[in-house]
Amino acid sequence: MTQDELVTAGEDLVRARVTLGHSDIVMRPIGLGCMTMSQSYGDADRETSIATIREAIDLGVGMLDTADVYGAADAAFGAPIKGFGHNEELIGEAIVGRRSEVVIATKFAVQMGADGAIGLAGDPAYVVQACDASLRRLRSDHIDLYYCHRQDPTVPIEETVGAMGELVRQGKVRAIGHCELPVDELARAHSTFPLSALQSEYSLWERSIEADGVVDACRAAGITLVPYSPLGRAMLTGQVRRGQVFDSTDYRSVLPRFTGENLDRNAKLVDGLQLFSSRKGASPGQVALAWLLAQPLDVVPIPGTKRVSYLRENTAATEVALSADEVAQLSALFDPEEVRGGRYPDSPADS
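Heads up, the sequence shown is in this note's numbering, so the first residue is 1032 and it goes up one at a time.
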């Protein structure tokens, strides 16, 4: 079933499946981002996180998304760290006895120094080393989808992707992907070994990959797009308040879109989403996810949460059908020119 068909499929949406890129992996088009269980948004209770992962499996959530660095990256922001590999170990514990029921996606390449400095490694030897370490932490004999988290600029992308392809041939990995690649590097990577997925930030309020041609390139190449932060780091759920100040352990405290006047102006955009959602009989977050699912290519958003209640709400977004006119209305509501602030602290602000 194509994404165009999903737009108007009504109740059939809940049973929809997508094939991941050029692989034989078939899944529901909503995943679970697990990063927040280990870092970036305050502390998380281990047992609650494990219960959420297991509930995701019960609900048939398409994919659990993690990375080897999740648990360590808070060091860059001065927050307490749980350790490199923490998130993978958490998932490994949660899926004991249920490995065959879930698709696991993890990533390599980001390294954290003792001082919190971030480095990248993408040489072939490290690719193999990182994969083997992730397999141990995940308690698995294979990884379903293995991403390069960010490309090491000192290593040709052909060497990194070539080593990842070798892992597929060895049976350690079923499919490979990359993250945040521009169109030219995406083409180079895909010509080296077929990519099944590209993970990039994409949502109603972050659409730069449309303007950069990445969405069109994925569609043309048959690469599944996996949007991270599909709910705009909770902004699109309507739960972020005007004037809200985030705790220092919350990653949003350093993001330009969530501070000062930028936050207040962005909240006005969400007012329109809330009105649309109330008329639709859905939550703002469900409508934001449904907008992604209605795009003209295979999309598997991975909203992150630590709570079962939000997990259930997000998963039910597959039951929200949008017409072509409604998709266009939502796109216009979040005109990229109206969103204030850069994605990250070093991004140029739009205000």
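Beta carbons: idealized from backbone N, C-alpha and C, even for Gly. Please read these numbers as outputs of a predicted model, since none were measured by experiment.
Taking Cβ to Cβ, would you say residue i is nearer than 8 Å to residue j?
{"i": "residue 1287", "j": "residue 1372", "result": "yes"}
{"i": "residue 1052", "j": "residue 1227", "result": "yes"}
{"i": "residue 1231", "j": "residue 1211", "result": "yes"}
{"i": "residue 1342", "j": "residue 1121", "result": "no"}
{"i": "residue 1165", "j": "residue 1119", "result": "yes"}
{"i": "residue 1158", "j": "residue 1149", "result": "no"}
{"i": "residue 1090", "j": "residue 1065", "result": "no"}
{"i": "residue 1132", "j": "residue 1339", "result": "no"}
{"i": "residue 1097", "j": "residue 1137", "result": "yes"}
{"i": "residue 1144", "j": "residue 1183", "result": "no"}
{"i": "residue 1267", "j": "residue 1361", "result": "no"}
{"i": "residue 1171", "j": "residue 1219", "result": "no"}
{"i": "residue 1253", "j": "residue 1214", "result": "no"}
{"i": "residue 1125", "j": "residue 1112", "result": "no"}
Compute the Euclidean distance between the alpha carbons of residue i and residue j, then round it to the nearest angstrom.
{"i": "residue 1156", "j": "residue 1275", "result": "45 Å"}
{"i": "residue 1068", "j": "residue 1083", "result": "10 Å"}
{"i": "residue 1181", "j": "residue 1326", "result": "25 Å"}
{"i": "residue 1107", "j": "residue 1151", "result": "Only weak support exists for where residue 1107 lies, its pLDDT of 47 falling under 50; the value from the coordinates is given anyway. Cα to Cα, the separation comes out at about 14 Å."}
{"i": "residue 1295", "j": "residue 1346", "result": "29 Å"}
{"i": "residue 1264", "j": "residue 1270", "result": "10 Å"}
{"i": "residue 1169", "j": "residue 1128", "result": "12 Å"}
{"i": "residue 1387", "j": "residue 1313", "result": "Outside the shown range of the chain (1032 to 1382) lies residue 1387, about which nothing can therefore be said."}
{"i": "residue 1262", "j": "residue 1077", "result": "23 Å"}
{"i": "residue 1109", "j": "residue 1075", "result": "Note that residue 1109 scores 48 on pLDDT, short of 50, meaning its location in the model is unreliable; the coordinates nonetheless yield the value given after this. Roughly 17 Å between the two C-alpha positions."}
{"i": "residue 1173", "j": "residue 1116", "result": "16 Å"}
{"i": "residue 1199", "j": "residue 1185", "result": "24 Å"}
{"i": "residue 1363", "j": "residue 1241", "result": "14 Å"}
{"i": "residue 1330", "j": "residue 1351", "result": "15 Å"}
{"i": "residue 1309", "j": "residue 1057", "result": "32 Å"}
{"i": "residue 1081", "j": "residue 1194", "result": "32 Å"}
{"i": "residue 1061", "j": "residue 1197", "result": "28 Å"}
{"i": "residue 1291", "j": "residue 1048", "result": "41 Å"}
{"i": "residue 1139", "j": "residue 1177", "result": "8 Å"}
{"i": "residue 1335", "j": "residue 1374", "result": "17 Å"}
{"i": "residue 1311", "j": "residue 1298", "result": "20 Å"}
{"i": "residue 1187", "j": "residue 1167", "result": "28 Å"}
{"i": "residue 1365", "j": "residue 1359", "result": "10 Å"}
{"i": "residue 1376", "j": "residue 1192", "result": "29 Å"}
{"i": "residue 1224", "j": "residue 1190", "result": "10 Å"}
{"i": "residue 1337", "j": "residue 1146", "result": "28 Å"}
{"i": "residue 1285", "j": "residue 1123", "result": "31 Å"}
{"i": "residue 1101", "j": "residue 1302", "result": "33 Å"}
{"i": "residue 1272", "j": "residue 1281", "result": "15 Å"}
{"i": "residue 1293", "j": "residue 1277", "result": "14 Å"}
{"i": "residue 1251", "j": "residue 1289", "result": "34 Å"}
{"i": "residue 1135", "j": "residue 1079", "result": "19 Å"}
{"i": "residue 1201", "j": "residue 1088", "result": "27 Å"}
{"i": "residue 1391", "j": "residue 1229", "result": "For the chain, the structure presents residues 1032 to 1382; residue 1391 sits outside this window and is missing."}
{"i": "residue 1354", "j": "residue 1160", "result": "47 Å"}
{"i": "residue 1070", "j": "residue 1279", "result": "12 Å"}
Since residue i and residue j are thought to touch, with beta carbons under 8 Å apart, how far apart are those beta carbons, to the nearest angstrom?
{"i": "residue 1315", "j": "residue 1304", "result": "5 Å"}
{"i": "residue 1206", "j": "residue 1247", "result": "Not a contact, Cβ separation roughly 22 Å."}
{"i": "residue 1059", "j": "residue 1114", "result": "About 31 Å separates the two Cβ atoms, so there is no contact after all."}
{"i": "residue 1259", "j": "residue 1333", "result": "6 Å"}
{"i": "residue 1348", "j": "residue 1328", "result": "About 17 Å; that fails the 8 Å criterion."}
{"i": "residue 1204", "j": "residue 1249", "result": "The pair is not a contact, with the Cβ atoms about 20 Å apart (cut-off 8 Å)."}
{"i": "residue 1300", "j": "residue 1370", "result": "7 Å"}
{"i": "residue 1367", "j": "residue 1283", "result": "Actually they do not touch by this definition, with Cβ atoms about 20 Å apart."}
{"i": "residue 1317", "j": "residue 1344", "result": "7 Å"}
Could you tell me which residues DSSP puts in a beta bridge with residue i?
{"i": "residue 1136", "result": "1096, 1176"}
{"i": "residue 1149", "result": "1143"}
{"i": "residue 1050", "result": "1057"}
{"i": "residue 1204", "result": "1174"}
{"i": "residue 986", "result": "This structure does not reach residue 986, given that the chain is present from 1032 up to 1382, and the question cannot be answered."}
{"i": "residue 1196", "result": "According to DSSP, which records beta bridges pairwise, residue 1196 is partnered with nothing at all."}
{"i": "residue 1063", "result": "1095"}
Any heavy atom of the ligand ADP within a distance shorter than 7 Å of the CB on residue i?
{"i": "residue 1083", "result": "The model depicted lacks the ligand ADP and carries no ligand whatsoever."}
Report the residue ranges of all alpha helix (DSSP H) runs contained in full by the stretch 1256 to 1341; include only those spanning at least 4 residues, in chain order. 1291 to 1311, 1315 to 1324
Alpha helix (DSSP H) segments (min. 4 residues) lying fully within the stretch 1206 to 1256: 1214 to 1223, 1239 to 1242, 1245 to 1252
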